[in-house]
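Numbering (the working numbering), first residue to last: 72 to 481. Don't be surprised by glycine CBs; every beta carbon is placed ideally from N, CA and C. To keep things clear, I will list the structure first and then write my remarks on it.
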């Protein structure tokens, strides 16, 4: 299948989409869970080489290899620290996050230890004591005294160590955090970039820069089943959300035949310009609109009284935008769905595409057993160029994407 063709692209007339409670018109596309199990590399790609991109997209983008300054700047412009005040303001929690600076010397130790981990599968004994001696005093206060019994979700400015055995947490001890930071390939890539950037800087000030470790209160109600990844392309492509997708690759209950799903998506689409963009402007937090970004948003149904329900919406994090950069496409594909993700189709028909996992693939209804044999689960953070390569997804048959144009009646 050629990368320039896009079997998932859908042409939908604006007048074919029913009005919803959202001021942003949208349509839903669904892909079966069974198909994703059989073809896990057909979605959720990232870090794609310029030469692999569809020809039309190549013409719009300069080559951005991972070692280039352009790539590094694109990663840094969505560093968590930049947007922590905004995210904290909009999240529904009373406990403030904790930010712990990690000096460059410690980043070098982590980088060296993680290099060994990538080769042996175990943290380096050589740096282990120094890392523990440096990190333990920084972390231990947040598990004792007023913080005794605390549970945390952790992340660096650039990434979280959710590729470790601890996944997203909760972290209940300093030793758990130290182990996660020394056994995460995601952390390794971050440390490698930090160390290389420091070595290439000309000023003493920039050569001393390190990383930040953020401890956020662990919240049981935050889970990927209620998370959507929203693609906000650069201003040169319009700067409006062109596509969103559920984060999980499971069928988690977003039913296109249910008014509940359409109401939730409508609320989410209105939230981005009406609350997220507006609050950022009021707070003076500059969003990377020129570069574009990907924002992960959590949406949860809450009760407001007898037979009264509403949606609680909050941002989780920002990531870099673009097929050549690090953000995974979740249930979309940077090669196949790029016109929607980059907002080009939005300029034509005014519609946002919303991708969810739903239904069964014809002829494969019994292929997936959710309660029984454990299925191979692909996670949005597992895709890696080194392990999957930059190949075009090998799918001989058309992708079984179904278009839902009409909002069901309440």
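Between which two residues does the alpha helix (DSSP H) harbouring residue i extend?
{"i": "residue 263", "result": "256–271"}
{"i": "residue 349", "result": "349–354"}
{"i": "residue 301", "result": "Segment 298–303 is the beta strand (DSSP E) holding residue 301; no alpha helix (DSSP H) there."}
Measuring straight from C-alpha to C-alpha, what distance separates residue i and residue j?
{"i": "residue 254", "j": "residue 477", "result": "47 Å"}
{"i": "residue 381", "j": "residue 225", "result": "29 Å"}
{"i": "residue 141", "j": "residue 413", "result": "19 Å"}
{"i": "residue 394", "j": "residue 120", "result": "8 Å"}
{"i": "residue 474", "j": "residue 97", "result": "11 Å"}
{"i": "residue 252", "j": "residue 203", "result": "11 Å"}
{"i": "residue 420", "j": "residue 321", "result": "29 Å"}
{"i": "residue 274", "j": "residue 144", "result": "With a pLDDT of 47 at residue 274, under the threshold of 50, the predicted position of this residue should be treated as unreliable, though the coordinate-derived value follows. Going by the C-alpha atoms only, they are around 17 Å apart."}
{"i": "residue 267", "j": "residue 229", "result": "15 Å"}
{"i": "residue 271", "j": "residue 99", "result": "46 Å"}
Just to confirm the assignment, what range does the beta strand (DSSP E) spanning residue i have?
{"i": "residue 314", "result": "314–317"}
{"i": "residue 383", "result": "379–391"}
{"i": "residue 152", "result": "It is not in any beta strand (DSSP E) - residue 152 instead sits in the alpha helix (DSSP H) that spans 151–161."}
As a quick exercise: from the options, pick the residue whose alpha carbon is nearest that of residue i.
{"i": "residue 235", "options": "227, 222 and 256", "result": "256"}
{"i": "residue 319", "options": "224, 103 and 290", "result": "103"}
{"i": "residue 147", "options": "339, 249, 212 and 396", "result": "396"}
{"i": "residue 241", "options": "213, 223, 252 and 197", "result": "223"}
{"i": "residue 309", "options": "171, 410, 111 and 98", "result": "410"}
{"i": "residue 283", "options": "331, 355, 136 and 153", "result": "153"}
{"i": "residue 118", "options": "162, 313, 392 and 248", "result": "392"}
{"i": "residue 184", "options": "178, 194, 292 and 175", "result": "194"}
{"i": "residue 307", "options": "295, 213, 335 and 360", "result": "360"}
What do you get for residue i, buried or exposed, if any count of 16 or more other CB atoms within 10 angstroms of its CB means buried?
{"i": "residue 262", "result": "buried"}
{"i": "residue 221", "result": "buried"}
{"i": "residue 107", "result": "buried"}
{"i": "residue 470", "result": "buried"}
{"i": "residue 197", "result": "exposed"}
{"i": "residue 483", "result": "The question about residue 483 has no answer here: the residues shown for the chain are numbered 72 through 481."}
{"i": "residue 303", "result": "buried"}
{"i": "residue 543", "result": "Within the shown structure, residues of the chain are numbered from 72 to 481, placing residue 543 beyond reach of any answer."}
{"i": "residue 278", "result": "Its pLDDT being 47, under 50, residue 278 is placed unreliably by the model, and the measurement read from it follows with that caveat. With fewer than 16 other Cβ atoms within 10 Å, it is exposed."}
{"i": "residue 219", "result": "exposed"}
Using 7 Å as the cut-off, classify the Cβ of residue i as near or not near the heavy atoms of the ligand COA, replying yes or no.
{"i": "residue 405", "result": "Inclusion of the ligand COA in the displayed structure is not the case, the ligand content being empty and no account of it being possible."}
Hey, does residue i have any beta-carbon neighbour from chain B nearer than 8 Å?
{"i": "residue 299", "result": "Absence of chain B from the displayed structure is noted, only one protein chain being present."}
Evaluate contact between the stretch 283–302 and the stretch 360–380, counting only Cβ atoms and requiring at least three cross-stretch pairs below 8 Å. They touch, by the three-pair rule.
| said: Is it the case that the stretch 420–434 contacts the stretch 322–332, given that we only count it when at least three CB pairs across the two stretches are under 8 Å? | reply: Remark: three or more beta-carbon pairs, one from each stretch, lie closer than 8 Å, so the stretch 322–332 and the stretch 420–434 are flagged as touching.
| Quick one: any contact between the stretch 397–410 and the stretch 124–138, if contact means 3 or more CB pairs under 8 Å? | The answer is yes - the stretch 124–138 touches the stretch 397–410, with three or more Cβ pairs under 8 Å.
Is the number of C-beta pairs between the stretch 385–392 and the stretch 147–161 that are closer than 8 Å three or more? Yes, the stretch 385–392 is in contact with the stretch 147–161.
Stretch pair the stretch 340–353 + the stretch 129–141: three plus CB contacts closer than 8 Å: Touching, no, given that fewer than three Cβ pairs across the two stretches are closer than 8 Å.
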